[in-house]
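J.: Under our numbering, the final residue of the sequence shown carries the number 892; numbering is consecutive throughout.
Using N, Cα and C, we set each Cβ at its ideal position, and we do this for glycine too.
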Amino acid sequence: MELNLDTKKLIDTHAHLHMWQFKGDLEDVLKRTEYLKFVLNVSTNMDDIYETIKTAKRLSNTYCAIGVHPHDSKDALEHERNYLDEIEKLATKSNKVIAIGEIGLDYFRNLSPIDIQKRVFADQLALAQELDLPVILHIRDAYEDTYDILKAFKTDNLRGIVHAFSSDENWAKKFVKLGFKIGIGGPITYPKNEMLRSTVKIIGMENIVTETDCPYLPPQLFRGKRNEPIYVAYVVEELNKIFGKDVTEHVWENVTQLFGLNNKFLGADAK
Ligand SMILES: [Zn+2]
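Okay, here's the thing in structure tokens:
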């Protein structure tokens, strides 16, 4: 990578390191991931939750979010055990688990019926609030309904990230007002994404966090290829260009505040 960035400052708040796309060279990917300051490994269903935690345990800089993606909400209800009890048990047992996610609504593909998506989303939101954990939101073509559900849940401890944000400045502002940070990844580097770049500029670096969504959504230079945490450098490079200064310290502040991290908590002793 010809980028002139200090990798120790890099933060990826949305990775799926446990997915099959990394199986062939996982050791190398983890070695490169180790250079980052902070990584959040995110689960999508009841089958990958255990792998999500297991992979996070391999790296001292990596934590995880566990929860059920809207696509998988139908299957969660059919899980052999009560999925909410299972998530609660795992979240309480491991101090690697620092968020619930990714959860939300996806009307683009509608792989689970809308009423089931809403129910599973709301139930996991309630659990996150009970456990006082932030949530990682997946929203696609469903900003209005997601917002309405969150608003009904609004309490002091409602907080999280709108992952892979893909709407306009008005929605960004509304979610920021609810206590959310806006997750910015590879798409910020796409030539045609002027709207996202102007949205980011308007909402300011105090409201954004960086992410990859790897193995998906690679930056422009790697389009069509597999993404990985270290490529968050290209996202940072674009953000630095937009703001005319280094954003990494602001992003770190946003992340520590959101997850309630401190130097003592971040370390090799997390199990
Ligand atoms: Zn994701």
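(1) Thinking C-alpha only, which one of G881, G865, E849, N883 is nearest L928?
(2) Using CA atoms only, rank isn't needed, just tell me which of R653, P691, S664 is closest to D762.
(3) Between A773 and N883, what straight-line distance do the alpha-carbon atoms span, to the nearest angstrom?
(4) By Cβ distance, which residues of its chain are closer than 6 Å to K652, with the 5 residues on each side in sequence left out?
(5) Considering just the uninterrupted stretch of the beta strand (DSSP E) at F801, what are its terminal residues?
(6) I want to check one thing, is the minimum distance from the CB of D834 to the heavy atoms of ligand 2 below 7 Å?
(7) Whose CA, out of D669, N662, T820, F843, lies closest to the CA of E707?
(8) How big is the Cα-Cα spacing for V853 and M826?
(9) DSSP puts H784 in a beta bridge; with which residues?
(10) Please state whether the Cβ-Cβ distance between L860 and I803 is less than 8 Å.
(11) What are the boundary residues of the beta strand (DSSP E) that D633 is part of?
(12) Can you list, in chain order, the residues of its chain with a C-beta nearer than 8 Å to that of R730? Leave out the 5 residues immediately preceding and following it.
(13) To the nearest angstrom, how far is it from the Cα of D766 to the Cα of T776?
(14) Mind pulling the alpha helix (DSSP H) runs of 4 or more residues that sit fully within the segment 652-704?
(15) To the nearest angstrom, how far is it from the Cα of N662 to the Cα of I770?
T.: If we stick to the structure as given:
(1) Any question about residue 928 goes unanswered here, given that the chain covers just 622 to 892.
(2) P691
(3) 31 Å
(4) none
(5) 801-805
(6) Questions concerning ligand 2 fall outside what the structure shown contains, since the ligands it does hold are ligand 1.
(7) D669
(8) 16 Å
(9) H759
(10) no
(11) 632-636
(12) Short of 8 Å from the beta carbon of R730, and not among the five residues preceding or following it, lie these beta carbons of its own chain, in chain order: H692, R761.
(13) 18 Å
(14) 670-678, 694-698
(15) 25 Å
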